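**Student:**
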Amino acid sequence: MSEVTQFGPFELVRRLGRGGMAETFEAIRHGASGVSQRVCIKRILPAFERDTEFLRLFLEEARVSASLHHGGIAQVLDFGEVEGSHYLALELVEGLDLRTVISRLVELDDRLTTGVVAHLAFELAGALEYAHAATPSGRARGVVHRDISPSNVLLSREGEVKLTDFGIAKAMSADVATRTAAVKGKLPYMAPEYASAGHFNAQSDLFSLGVTLYECVRGRRPFDGANDLETLENLQRGRYARLSEAVPSVDRAFAAAVERLLEPDPERRYRTASEFLDELVALSPPGTAQLILGRVVGALADHVDSDLSTTHEALAHTRLRETELDQGTLLLADDSAPRDPVVVSAAPHEPTRTRLPTVLAESAAAPHARPPQVAAPSPDAGIATRPGRVKAPPSE
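If you want it as structure tokens, here you go:
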């Protein structure tokens with residue numbers, strides 16, 4: 041869009057994208073006191089405005105999403121209707137979605153390092169733990185996402201990781217015309233129990249998280265087949281190339297944790313996001329992981345329309361290898377072909393957020409003495425070592 045358009049209390053500055061259900065815009069909301077706020081507007085497409093059941097579920101899920109307040113979840117600031125068009129006003133995350141990052145890195149024959157993917161795992165699992173769990177007062181929150189995939193993971197230039205579109209898939213499923221298309225598009229991320237029988241719970245979210253993390257490490261999804269039927273069979277049978285075999289350089293303990301998320305039988309999967317986080321507490325991604333992720337996102341965002349060679353050069357000048365941060369050496373992913381390092385002065389950075397396990401916070405505070413990737417946890421390691429966390433109740 042070439043000019044600012046008024047949409048209720050919002051000025052639509054530029055179009056960010058268009059999906060099967062809505063179009064998104066960067067917008068500005070002007071407050072009564074003269075304070076302006078930049079937001080993301082997700083406006084429902086006209087075809088869905090005629091579907092009363094979709095709108096009912098959309099508004100119901102919008103109310104639930106607006107009640108979620110967590111650093112790993114893109115905040116719903118407002119929702120409503122302007123001249124017959126329903127919308128969500130969301131926190132604006134300046135950066136890229138994970139789908140764009142993965143796709144661009146694949147084009148460059150590159151990938152995210154295991155340490156950065158472990159950082160993603162902690163952030164996303166922490167957001168799910170919060171949404172799935174009971175509130176501190178004991179009231180059941182029990183919000184499931186239903187559509188975890190790289191497209192719904194937003195990455196900022198500061199390396200923040202935010203999950204978006206909680207519950208929107210539930211509203212999408214109400215529309216028969218879009219249900220088939222939605223299933224086809226999201227089938228590779230669907231838990232087998234949902235893809236085949238329509239059963240969905242918190243463990244189904246964890247399966248989708250596993251597919252997303254696998255794709256981050258390998259650059260391709262685990263269960264893709266030649267057609268939808270083969271993909272569904274792969275999902276149901278747990279047929280895929282094991283991560284530790286497909287990417288030999290990946291940390292074995294991390295690969296095992298991801299592979300457990302991908303178990304087709306929910307009984308063999310992690311029961312809760314808390315349980316998955318307990319498993320990850322033994323892993324120590326470098327304290328620089330968030331910094332590295334932010335610089336990768338920034339380089340890719342700044343060169344989104346550039347040719348591959350230009351983007352590759354920009355990426356090479358921004359990727360900090362964890363093991364050499366103290367010398368300021370820049371390299372690509374840990375299993376890339378050897379390249380001449382570029383030496384720069386490492387920028388100061390904030391330590392990993394305190395909601396991560398204590399072992400990670402310690403590694404962030406002392407980047408010059410990087411701990412081994414796998415540390416033996418103490419018998420008491422777990423929930424008590426992660427301040428500020430709420431343990432999810434065991435599933436029935």
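Per our numbering, the sequence shown starts with residue 41, numbered consecutively. Using N, Cα and C, we set each Cβ at its ideal position, and we do this for glycine too. As the structure is a computational prediction, the values presented were derived from the model and not from experiment.
Per DSSP, what kind of secondary structure is T312 in: helix, strand or coil?
**Tutor:** In the structure shown, T312 sits in coil (DSSP, three-state: anything other than H, G, I, E or B).
**Student:** Let's test the definition: count the other Cβ atoms within 10 Å of the Cβ of R75 and tell me whether it reaches 16, buried, or not, exposed.
**Tutor:** Sequence check: residue 75 is Val here, not Arg. Exposed, since its Cβ has fewer than 16 Cβ neighbours within 10 Å.
**Student:** Between Q115 and chain C, is there a C-beta pair that is closer than 8 Å?
**Tutor:** Of the chains in the structure shown, none is chain C; there is only one protein chain.
**Student:** In this structure, does DSSP put E270 in helix, strand or coil?
**Tutor:** Three-state DSSP puts E270 in a helix.
**Student:** Ends of the beta strand (DSSP E) at F50?
**Tutor:** Start and end: F50 to R58.
**Student:** Given this structure, state the Cα-to-Cα distance separating S191 from E51, to the nearest angstrom.
**Tutor:** Cα to Cα, the separation comes out at about 25 Å.
**Student:** Straight-line CA distance for A295 to L283?
**Tutor:** When rounded, the distance between both Cα atoms is 6 Å.
**Student:** What residue range does the beta strand (DSSP E) around V122 cover?
**Tutor:** V116 to V122 is the extent of the beta strand (DSSP E) around V122.
**Student:** Run through the region 78 to 109 for me and flag every whole alpha helix (DSSP H) of 4 or more residues, listed as ranges in chain order.
**Tutor:** For the region 78 to 109, whole alpha helix (DSSP H) runs of length 4 or above, ordered along the chain, are 86 to 89 and 92 to 106.
**Student:** With distances taken from CA atoms, which of V79, L95 and P228 is nearest N267?
**Tutor:** Comparing Cα-Cα distances from N267 to each of V79, L95 and P228, the minimum goes to P228.
**Student:** State yes or no: is the C-beta of M230 within less than 8 Å of the C-beta of L275?
**Tutor:** Cβ distance < 8 Å, so M230 and L275 count as in contact.
**Student:** When every heavy atom of the ligand PLP is checked, does at least one fall within less than 7 Å of the C-beta of R103?
**Tutor:** Although the ligand PLP was asked about, the structure shown includes no ligands whatsoever.
**Student:** Between R69 and the rest of its own chain, which residues show a CB-CB distance below 6 Å, the 5 nearest in sequence each way excluded?
**Tutor:** The answer, listed in chain order, is P49, F50, Q77 and V79.
**Student:** Rank G135, S244 and G182 by C-alpha distance to the C-alpha of I188 and give the top, closest one.
**Tutor:** The option with the nearest alpha carbon to I188 is S244.
**Student:** Starting from the C-beta of E134, find all residues in its chain whose C-beta is less than 7 Å away, skip the five residues before and the five after it, and write them out in chain order.
**Tutor:** So the qualifying residues of the chain are S196 and R197.
**Student:** Cα separation between E307 and G182?
**Tutor:** So the alpha carbons of these two residues sit roughly 19 Å apart.
**Student:** Alpha carbon to alpha carbon, how far is M61 from R279?
**Tutor:** Spanning the two alpha carbons is a distance of roughly 32 Å.
**Student:** Please name the residue in D137, E299, T92 and V146 whose C-alpha comes closest to that of A114.
**Tutor:** The shortest Cα separation from A114 among D137, E299, T92 and V146 belongs to D137.
**Student:** Decide if the region 118 to 134 is in contact with the region 143 to 159; the criterion is three or more beta carbon pairs, one per stretch, under 8 Å apart.
**Tutor:** Because the criterion of three Cβ pairs below 8 Å is not met, the region 118 to 134 and the region 143 to 159 do not touch.
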